[in-house]
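Just so you know, the sequence shown maps onto residues 24 to 167 in this note's numbering. Every residue gets a Cβ at the ideal spot worked out from N, C-alpha and C, and that includes glycine.
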Amino acid sequence: MKAIGVCGSDIHVYHGKHPYMSYPVVQGHEVSAVVEEPGAGVTNVAVGDLVTVQPQVVCGTCYPCTHGMYNDCESLKVMGFQTTGMASDYFVVDAAKALRLASAGLIEFESLITHRIPFDRYLDAYKLIEEQKDRAMKVMIEME
Ligand SMILES: [Zn+2]
Ligand SMILES: [Zn+2]
Numbered sequence: 024m025k026a027i028g029v030c031g032s033d034i035h036v037y038h039g040k041h042p043y044m045s046y047p048v049v050q051g052h053e054v055s056a057v058v059e060e061p062g063a064g065v066t067n068v069a070v071g072d073l074v075t076v077q078p079q080v081v082c083g084t085c086y087p088c089t090h091g092m093y094n095d096c097e098s099l100k101v102m103g104f105q106t107t108g109m110a111s112d113y114f115v116v117d118a119a120k121a122l123r124l125a126s127a128g129l130i131e132f133e134s135l136i137t138h139r140i141p142f143d144r145y146l147d148a149y150k151l152i153e154e155q156k157d158r159a160m161k162v163m164i165e166m167e
């Protein structure tokens, strides 16, 4: 894992003001990573691929799921809200769908990042976003 993006909804969860969540929960639903070793049966990514994760954990069997509308899954859980997010010490990518990043789009994302904060100062990102709303566009937590 390389970085975790902090988003406005994370701040609401932190203050207990997000309507669709339950404590305790580990946050982090925007992540970038490099594949070190694909999990068993994983064929859509290879070692060295830059990936992100689809943070919606879906059942795959309900009516919306079987019709490709995973965002409407009847037992939808979003990482960092109703289930463990990426800021946890351990994280199994098999739990989510790893998506290859389109390298052509990376430069665009890069221009949105205004701050980078190391993992051990995670909560400083929240403070920064709250105190400098006009200056903090996208704050990234860096893993190394
Ligand atoms: Zn978000
Ligand atoms: Zn479903």
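Whole angstroms is fine: what's the gap from residue i's alpha carbon to residue j's?
{"i": "Ile-164", "j": "Ala-148", "result": "8 Å"}
{"i": "Gln-50", "j": "Glu-59", "result": "23 Å"}
{"i": "Leu-99", "j": "Gln-155", "result": "33 Å"}
{"i": "His-38", "j": "Val-54", "result": "21 Å"}
{"i": "Val-115", "j": "Lys-161", "result": "Here the model assigns Val-115 a pLDDT of 49, short of 50, so the residue's position is not dependable and the matter cannot be decided."}
{"i": "Ala-56", "j": "Thr-75", "result": "6 Å"}
{"i": "Gly-103", "j": "Glu-167", "result": "21 Å"}
{"i": "His-35", "j": "Val-65", "result": "34 Å"}
{"i": "Cys-30", "j": "Asn-67", "result": "28 Å"}
{"i": "Gln-105", "j": "His-41", "result": "11 Å"}
{"i": "Met-44", "j": "Val-101", "result": "9 Å"}
Which residues share a DSSP beta bridge with residue i?
{"i": "Lys-161", "result": "Ile-136"}
{"i": "Ala-26", "result": "Ser-55 and Glu-165"}
{"i": "Met-102", "result": "Thr-106"}
{"i": "Pro-141", "result": "Glu-165"}
{"i": "Val-80", "result": "Lys-100"}
Tell me the residue span of the beta strand (DSSP E) that contains residue i.
{"i": "Leu-73", "result": "73-77"}
For residue i, which residues in the same chain have their Cβ closer than 7 Å to its Cβ, ignoring the five residues on either side in sequence?
{"i": "Ala-159", "result": "Thr-137, His-138, Leu-151 and Ile-152"}
{"i": "Cys-88", "result": "Val-81, Cys-82 and Cys-96"}
In the DSSP assignment, find the unbroken alpha helix (DSSP H) run with residue i in it and report its ends.
{"i": "Pro-61", "result": "Looking at the DSSP string, Pro-61 is not in any alpha helix (DSSP H), and its letter there is neither H nor E."}
{"i": "Cys-88", "result": "86-89"}
In its own chain, which residues sit with a C-beta less than 6 Å from the C-beta of residue i, not counting the 5 before and 5 after it?
{"i": "Ile-140", "result": "Asp-147, Ala-148 and Ile-164"}
**Message:** Could you check whether the stretch 41-49 touches the stretch 95-111, counting it as contact only if at least three pairs of C-beta atoms, one from each stretch, sit closer than 8 Å?
**Reply:** Note that the stretch 41-49 touches the stretch 95-111; at least 3 beta-carbon pairs, one per stretch, sit closer than 8 Å.
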